[in-house]
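J.:
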Amino acid sequence: MDFSKLFIALFIFQILFPCHMSTQAAPVNSNLFREYIGAEFKNVRFTDVPINSNVEFHFILSFAIDYDTSGSASPTYGKFNVFWDSDNLSPSQVSSIKSRHSNVKVALSLGGDSVGDRYAYFDPFSVDSWVSNAVSSLTVIIQEYNLDGIDIDYEHFHADPDTFAECIGRLIKILKNSGVISFASIAPFDDDDVQSHYKALWKSYGHLIDYVNFQFYAYDQGTTVSQFINYFNTQSSNYNGGKVLVSFISDGSGGLTPENGFFTACNRLKSQNKLHGIFVWSADDSKGNGFRYEKQSQALLAISH
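This is the structure in structure tokens:
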């Protein structure tokens, strides 16, 4: 076959079988399991939590917050401090759990719902100053604790969505480019103000965000399997192209619980190649039930991959 015929044949092949793979990868199941830990000071340790060697396991320390630790709970405009249970979840304990389990990585989460007895607000003085303060203060914490990634869990805002997007997006970009972190996630939930901020971030910097820890447990208690699947599909379109993880809350206070069909929903998503991983809020509460649903989640993920 001469070159002109070969070219025509290839051209026809491309028309008949257009290659979408280059623009968006086909959906695929994952064996990623993530768990928030340390926010409630219930003396939970990494070693308390069962770790299945056949999953990718992320602990997420909760929380680092840009507020002072003196008790007045004043914003520090990007200068982060440790607010998790660092007595039980110390730098040496991070190194120990990672050396014992090659499949474990550890991240920290920024913000959270509250600090002391009040809301923790995203409250920058300016974009440039916040980013500068955040990069320097978080780099120190991440390197001291030998951490791998960050999670963004601000839930209250004293800044517009574009300012939030620029601050967080630049932070992730700088930390990734400098090799300080290898992954980043966001943790939105279904609230108009929250979603407006995270969708602005996603629009500008979604290509830098590896996982969407969507808080499906923030939906009403008594959520059904079919409702859960609908919520999942809605949020997958809101964060188009993102790896949206499914989730439950250990105390059963919201969303679709393990008792009421969470794993049924997981298996349904798995059959559609949409199970990108599972995360749990939180190890602090799961300690009371012996981590039974963590074991079940990881067993499901280990065979789904």
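Under our numbering, the first residue of the sequence shown is numbered 499, with each subsequent residue one higher. The beta-carbon is built from N, C-alpha and C at its ideal position, and this holds for glycine as well.
Give me the DSSP bridge partner(s) of P573.
T.: Translated into the one-based positions of the sequence shown, residue 573 becomes position 75. Beta-bridge pairing links P573 to Y565.
J.: Tell me which same chain residues have a C-beta within less than 7 Å of the C-beta of D688, skipping the five on either side of it?
T.: Within the sequence shown, the letter at position 190 stands for residue 688. Correct list, in chain order: A716 and Y717.
J.: Can you tell me which of N675, Q794 and G786 puts its alpha carbon nearest to the alpha carbon of K540?
T.: Reading the sequence shown from its first residue, position 42 is the one you call residue 540. Minimum Cα distance to K540 is reached at G786.
J.: Specify the secondary structure class of W628 as computed by DSSP and reduced to three states.
T.: The residue given as residue 628 occupies position 130 in the sequence shown. W628 falls in the helix class under three-state DSSP.
J.: List the residues that DSSP assigns as beta-bridge partners of H556.
T.: One-based indexing of the sequence shown puts residue 556 at position 58. Answer by DSSP bridge pairing, in chain order: R532 and K603.
J.: In whole angstroms, what is the alpha-carbon distance linking Q796 and G752?
T.: Sequence index remark: in the sequence shown, residue 796 carries index 298 (1-based). Sequence index remark: in the sequence shown, residue 752 carries index 254 (1-based). Cα-Cα distance, rounded: 21 Å.
J.: Considering I595, what are the terminal residues of the beta strand (DSSP E) in which it resides?
T.: Looking up residue 595 in the sequence shown gives position 97. Premise fails: I595 lies in the alpha helix (DSSP H), P589 to R598, not in any beta strand (DSSP E).
J.: Reducing DSSP to helix, strand and coil, say where L799 ends up.
T.: By 1-based counting over the sequence shown, the position of residue 799 is 301. Residue state, collapsed to three classes: helix.
J.: Taking G609 as the reference, give the member of N601, T637 and F620 with the closest Cα.
T.: Here residue 609 is taken as the residue at index 111 of the sequence shown, counted from 1. Closest by alpha carbon: F620.
J.: Going by DSSP in three states, L706 sits in which element: helix, strand or coil?
T.: Walking along the sequence shown from the start, residue 706 turns up at place 208. The answer is helix: DSSP assigns L706 an H, G or I state.
J.: Using a threshold of 7 Å, is the CB atom of L699 nearer than that to any non-hydrogen atom of the ligand FAD?
T.: In the structure shown, the ligand FAD is absent, as is every other ligand, since no ligand is present at all.
J.: Y729 lies in the beta strand (DSSP E); which residues open and close that run?
T.: For the purposes of this step, residue 729 is identified with residue 231 of the sequence shown, where counting begins at 1. Not the beta strand (DSSP E): Y729 falls in the alpha helix (DSSP H), residues V723 to N736.
J.: Excluding the 5 residues preceding and the 5 following V678 in the sequence, name in chain order all residues of the same chain whose CB lies nearer than 6 Å to its CB.
T.: Here residue 678 corresponds to residue number 180 of the sequence shown, with the count starting at 1. T637 and I640.
J.: Just grab the DSSP bridge partners of V580 for me.
T.: Numbered from its first residue, the sequence shown carries residue 580 at position 82. For V580, which the question treats as bridged, DSSP gives the partners A562.
J.: Look at the alpha carbon of M519 and the alpha carbon of K697, and state the distance between them as a whole number of angstroms.
T.: Within the sequence shown, numbered from 1, the residue matching residue 519 stands at position 21. Within the sequence shown, numbered from 1, the residue matching residue 697 stands at position 199. Model confidence at M519 stands at a pLDDT of 36, short of 50, so the residue's coordinates are unreliable; what they give is reported in the following sentence. Each residue's alpha carbon lies about 24 Å from the other.
J.: Hey, quick one: how far does the beta strand (DSSP E) through G647 stretch, first residue to last?
T.: The residue labelled residue 647 in the question sits at position 149 within the sequence shown. The continuous beta strand (DSSP E) containing G647 extends over residues G647 to Y652.
J.: For D690, collect the residues of the same chain with a Cβ closer than 8 Å to its Cβ; drop the 5 residues on either side in sequence, then sort them by chain order.
T.: Numbered from 1 along the sequence shown, position 192 holds the residue referred to as residue 690. Closer than 8 Å at the Cβ level, and outside the excluded window around D690, lies no residue.
J.: Determine the extent of the beta strand (DSSP E) in which F746 is found, giving its start and end residues.
T.: For the purposes of this step, residue 746 is taken as the residue at position 248 of the sequence shown. Unbroken beta strand (DSSP E) run through F746: V742 to I747.
J.: What does the Cβ neighbour count give for T521, buried or exposed, with the cut at 16 atoms within 10 Å?
T.: Locating residue 521 in the sequence shown gives position 23, counting from the first residue. Low local confidence applies: a pLDDT of 38 at T521 is under 50, so the model's placement there is unreliable, with the coordinate-based value given in what follows. Burial call: exposed.
J.: Quick one: grab the DSSP three-state call for L492.
T.: Within the shown structure, residues of the chain are numbered from 499 to 803, placing residue 492 beyond reach of any answer.
J.: Quick check on DSSP: helix, strand or coil for Y717?
T.: The sequence position of residue 717 within the sequence shown is 219, counting from 1. Here Y717 sits in coil by DSSP.
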